[in-house]
Amino acid sequence: MEEVRKKIRDIPNFPKEGIIFKDITTALGDPQSFKRIIDKLTERYRDMKIDKVVGIDARGFILAGALAYTLGAGFVPIRKSGKLPHTTKKISYDLEYGSNTIEIHEDAIAPGERVLIIDDLLATGGTMEAGASLVTQLGGEIVEIAFMIDLTFLEGKKKLKEHSVFSLIEF
Ligand code: AMP
């Protein structure tokens, strides 16, 4: 993963002052790095009988789509509010300033299905905590929660301590 780590680009003060944004487009755009990421995740989850890979809007979709394909699992999106056309389950959570709402189609996961949830990056953990709650509300069994990047100094894992959490790269 060292090679992949080197491909991640730091953008200071984006989207606002004081944030160092981890730009993964440079890693995803490099054929070898993208392959390494998906191969590594596939290796980890191949034998875990995953029924559904849930991706979080929007960068989580890139990883979740590719991984669902290699695992022979279904892909399920958790989207920002107002984008899904059918009946949904919604959840709101607090951000540093204001709040955010995400949702999932209520029939996207059947009770008892084995679910892997994935996003590009773990920061405070608020987004994933909300996403995991939606999956649990539908009766999905969360096998693991995966991230490409964990910003460990923000201790987002503490919010996810009921779950098994895996990340490919730590900063
Ligand atoms: P959080 O809910 O605080 O864990 O934030 C996670 C979400 O915000 C993920 O979907 C990330 O894509 C995005 N995010 C938060 N901080 C950063 C950062 N420093 N660089 C890139 N994306 C970030």
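Taking numbering that gives the first Met the number 0, the leading residue of the sequence shown gets 0, the next gets one more, and so forth.
In this text, a Cβ means the ideal position worked out from N, Cα and C, and glycines have one as well.
Since the structure is predicted, the reported quantities are computational estimates derived from the model, not experimental observations.
Query, Result
"Reduced DSSP secondary structure (H/G/I, E/B, other) of E161", "coil"
"Per-residue burial, I7 [other beta carbons within 10 Å of its own, 16 or more giving buried]", "buried"
"Distance cut-off 8 Å: F20 Cβ against heavy atoms of ligand 1", "yes"
"Buried/exposed call for G130, threshold 16 Cβ in 10 Å", "buried"
"Host alpha helix (DSSP H) of Y44 (start-end)", "30–44"
"Alpha carbon of A145 to alpha carbon of H85, nearest angstrom", "27 Å"
"Unbroken stretches of the alpha helix (DSSP H), 4 residues or longer, contained in the stretch 91–141", "125–136"
"Per DSSP, the bridge partner or partners of A145", "I117, F165"
"heavy atom of ligand 1 below 8 Å from R58 C-beta", "yes"
"Residue from D50, I61, D22, G81 whose Cα sits closest to the Cα of G138", "D50"
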